[in-house]
DNA sequence: ACCTGAACACCGTTCAAGT
DNA sequence: ACCTGAACACCGTTCAAGT
C-alpha cells in the first residue's frame, strides 16, 4: 500500500477511501487481469479442448507472479474467468464424466495448476537470488546403497526441471480422470 | 524472529548467533519435522504402494501449515524425507516407467501435492476468518444461459469441497502417468 | 563465545484532522 | 467527498557495545 501510494503521488491512506483493505484491492486487480486473458481457439475434440483450456488458464495465471499468492490465500475466484471454467467442466462432461465427477475433476486440475505455478515461481525466485540449486545438489549426491532408484535417477532431474512440466502432469491427470470415471 | 525471541526469553538478535537468517531456521525446522514423519506400512503392489507413499508425504506435510509456505519458497528439500521420495520413484519404475519418466512423474505428483495443500489451507484460513464461502456463492448463481454446464454443476461444488480431494486427483494422476508411459 | 539494545528500513492499518 | 500526517503495532536484520 505504501509503495503504491508513492507511485500514485499520494498518501498511503488515500487508497483506503476507495478500497476496504489490501486483500480487496488484490481481488479487484485479479478480476481486471482475468478479464484480459485471451480467449484461445479451442479444438473441437473434447480431450484436446480440455487440455487447451487448462493450458490457457495456467498461462493466464503465470503472467503475473503475485496472482498465485492471491489465489492461494483462499476462497477466491475472478468472475471474468468463469467462461474458461465452463469450457473445462464442459470438456469433462463431453468426455463422459458425470456432473459430480466433473466437479471433482475441475478441483483436481485446479490443484495441479496452482502447485505447478507455485513451484515454478519458487524455482525462478531462487535462481534470481543467485542461490545454487540445492535440491539438485542433494539429489545428485544420494547414497546408491540406501536409495538405489533415486541414485539412478540423478542424471534426469536437471532435464525434468528445465522442461515445461505442466503438460506432462496435466495430460496424465486428465487421462486418468477420464479413465477412472466409473462410466467406462 | 521477534516472537520466537519472546518465547525464548531472549532478544531477537540472540537467535542470529545460531542461525544465518529466518530462512535457514525454517529449513532446519523442516528437516526436524521430516525426520519424524512416520514410516507407513507400504503395500507390495506397486501402484497401491505409490499411492500410499504419496499419501504419507501429503499427510506429513499437512501436519504444520507453515511447512507448505517454506517449501513453496523455492528450491528446498529435507534430506530426511528422501526415503519417501525413493519409494515413490521406485514405485513408478516398478509400474513400467523409464527413469526419465519416473523423474517427470515425481515432479507431477509433487506439484499436485503442493497445490492441494495450499488450496486446502486457503479454504481453512477463510473459514477461520469467518468469511462466507465467496467461490461457492459465485458458482451457485451462475447464468445458465451463458454457462450451462457450470450452472448444472452448482449443486456439486459444496460436496466436492467437503470431500478429501487428494486421493481422487492423485489416483487419476498416477494412473494417467502409468498409462501415458510409451512403454505400454 | 554469546547476548543485548538501539537503530534502520520496512509493513498494513486506525484515527483525528484538514480541504 | 476526498485526502493528509501522525501514530500504532508489527516485521527481519545490521551494527556497535557489552559480559
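Chains as they are written, first to last, in my numbering: chain B, 1 to 184; chain E, 1001 to 1184.
All C-beta atoms in this analysis are idealised placements derived from N, C-alpha and C, irrespective of residue type, glycine included.
Problem set entry | Alpha-carbon spacing of residue 1055 of chain E relative to residue 1070 of chain E, whole angstroms | Cα to Cα, the separation comes out at about 20 Å.
Problem set entry | Pairwise C-alpha distance: residue 1042 of chain E and residue 175 of chain B | Going by the C-alpha atoms only, they are around 26 Å apart.
Exercise. Which stretch, first to last residue, makes up the alpha helix (DSSP H) that contains residue 1086 of chain E?
Worked result: From DSSP, the alpha helix (DSSP H) with residue 1086 of chain E extends over 1082–1094.
For this session: Return the first residue and the last residue of the alpha helix (DSSP H) that residue 148 of chain B is part of.
Result: Run containing residue 148 of chain B: 148–153, per the alpha helix (DSSP H) assignment.
Problem set entry | C-beta neighbour in chain E for residue 73 of chain B, strict 8 Å | Chain E contact via Cβ: present.
Exercise. So residue 53 of chain B and residue 91 of chain B are in contact, right, with Cβ under 8 Å, and what is the actual spacing, rounded?
Worked result: In this structure residue 53 of chain B touches residue 91 of chain B by the C-beta definition: roughly 6 Å separates them, less than 8 Å.
Exercise. At a CB-CB cut-off below 8 Å, which residues of chain B make contact with residue 1045 of chain E?
Worked result: Within chain B, no residue has its CB atom less than 8 Å from the CB of residue 1045 of chain E, the nearest being about 17 Å off.
For this session: Within the stretch 1037–1121 of chain E, note down every full alpha helix (DSSP H) run reaching 4 residues or more, in order along the chain.
Result: The stretch 1037–1121 of chain E contains these whole alpha helix (DSSP H) runs: 1046–1062, 1065–1072, 1082–1094.
Problem set entry | Proximal chain B residues relative to residue 1085 of chain E, where beta-carbon distance stays under 7 Å | Per Cβ cutoff of 7 Å: 150.
Exercise. Below 8 Å between beta carbons: does that hold for residue 1058 of chain E and residue 1116 of chain E?
Worked result: It is a contact, given that the beta carbons lie within the stated cut-off.
Exercise. Out of curiosity, what's the CA-to-CA distance linking residue 1063 of chain E and residue 104 of chain B?
Worked result: So the two alpha carbons sit approximately 24 Å from each other.
Problem set entry | Three-state secondary structure assigned by DSSP to residue 18 of chain B | Coil at residue 18 of chain B, not helix or strand.
For this session: Kindly list the residues whose CB is nearer than 7 Å to the CB of residue 1040 of chain E, restricted to its own chain and excluding five residues on each side of it in sequence; keep chain order.
Result: Same-chain partners within the cutoff: 1052, 1056.
For this session: Determine contact between the stretch 1073–1080 of chain E and the stretch 1153–1170 of chain E, defined as no fewer than three beta-carbon pairs at a distance below 8 Å.
Result: Remark: fewer than three beta-carbon pairs, one from each stretch, lie closer than 8 Å, so the stretch 1073–1080 of chain E and the stretch 1153–1170 of chain E are not flagged as touching.
For this session: Take residue 1148 of chain E and list the residues in its own chain whose beta-carbon comes closer than 7 Å to its own, dropping the five residues that flank it on each side.
Result: Cβ neighbours of residue 1148 of chain E beyond the five flanking positions: none.
Exercise. In whole angstroms, what separates the C-alpha of residue 1017 of chain E from that of residue 1011 of chain E?
Worked result: Our two residues, residue 1017 of chain E and residue 1011 of chain E, have alpha carbons roughly 11 Å apart in a direct line.
Exercise. According to the neighbour-count rule (16 or more other Cβ atoms, all chains shown, within 10 Å of its Cβ), is residue 141 of chain B buried or exposed?
Worked result: Counting the other CB atoms within 10 Å of its CB gives residue 141 of chain B a total below 16, which places it among the exposed residues.
Exercise. Which residues mark the beginning and the end of the alpha helix (DSSP H) in which residue 129 of chain B is found?
Worked result: Run containing residue 129 of chain B: none; DSSP gives neither H nor E here.
Problem set entry | Rounded separation between residue 99 of chain B and residue 1153 of chain E - CA only | Rounded to the nearest angstrom, the two C-alpha atoms are 6 Å apart.
Exercise. Is residue 1031 of chain E helix, strand or coil by DSSP?
Worked result: Helix, per DSSP.
Problem set entry | Segment limits, alpha helix (DSSP H) that includes residue 3 of chain B | Here the alpha helix (DSSP H) through residue 3 of chain B covers 2–7.
Exercise. Buried or exposed: where does residue 3 of chain B fall if 16 or more other Cβ atoms within 10 Å of its Cβ makes it buried?
Worked result: Classification for residue 3 of chain B: exposed.
Exercise. Cα-Cα, which of B:72, B:106, B:23 is closest to residue 50 of chain B?
Worked result: When only C-alpha atoms are compared, the closest one is B:106.
Exercise. Near residue 1023 of chain E, what residues of its chain come up, given a Cβ to Cβ distance below 6 Å and the 5 sequence neighbours on each side ignored?
Worked result: There are no such residues.
Exercise. What is the rounded straight-line gap between the Cα of residue 165 of chain B and the Cα of residue 1032 of chain E?
Worked result: Those two C-alpha atoms are separated by around 30 Å.
Problem set entry | Reduced DSSP category for residue 1161 of chain E - H, G, I as helix; E, B as strand; rest coil | Residue state, collapsed to three classes: helix.
Problem set entry | Sequence-distant residues of the same chain with beta carbon closer than 6 Å to residue 1025 of chain E, five excluded per side | Closer than 6 Å at Cβ, skipping near neighbours: 1019.
Exercise. Can a CB atom of chain B be found closer than 8 Å to the CB of residue 1140 of chain E?
Worked result: Not an interface residue.
Exercise. Taking any Cβ of chain B, which residues in the stretch 1103–1119 of chain E have a Cβ under 9 Å from it, in chain order?
Worked result: If the cut-off is 9 Å between Cβ atoms, the stretch 1103–1119 of chain E has 1103, 1104, 1105, 1106, 1107, 1108, 1109, 1110, 1111, 1112, 1113, 1114, 1115, 1116, 1117, 1118, 1119 near chain B.
Exercise. If you drop the 5 nearest sequence neighbours on each side, which residues of the same chain put their C-beta closer than 8 Å to that of residue 1143 of chain E?
Worked result: If you ignore the 5 residues before and after residue 1143 of chain E, its C-beta comes within less than 8 Å of the C-beta of 1151, all in its own chain and listed in chain order.
Exercise. Would residue 173 of chain B pass as a contact of residue 97 of chain B if the rule is Cβ separation under 8 Å?
Worked result: In this structure, residue 173 of chain B sits away from residue 97 of chain B, with a CB-CB distance that is not shorter than 8 Å.
Problem set entry | Members of the stretch 121–138 of chain B near chain E, C-beta cut-off 9 Å | Cβ contacts with chain E: 121, 122, 123, 124, 125, 126, 127, 129, 131, 132, 133, 134, 135, 136, 138.
Problem set entry | Distance between residue 1044 of chain E and residue 93 of chain B (C-alpha atoms, nearest Å) | Each residue's Cα considered, the two are about 35 Å apart.
For this session: Please state whether DSSP places residue 1140 of chain E in a helix, a strand or coil.
Result: Residue 1140 of chain E: helix per DSSP, three-state reduction.
Problem set entry | Test item: CB-CB of residue 101 of chain B and residue 179 of chain B under 8 Å | No, the Cβ-Cβ distance between residue 101 of chain B and residue 179 of chain B is not below 8 Å.
Exercise. Does any CB atom of chain E fall closer than 8 Å to the CB of residue 90 of chain B?
Worked result: Answer yes: the Cβ-Cβ gap between residue 90 of chain B and chain E drops below 8 Å somewhere.
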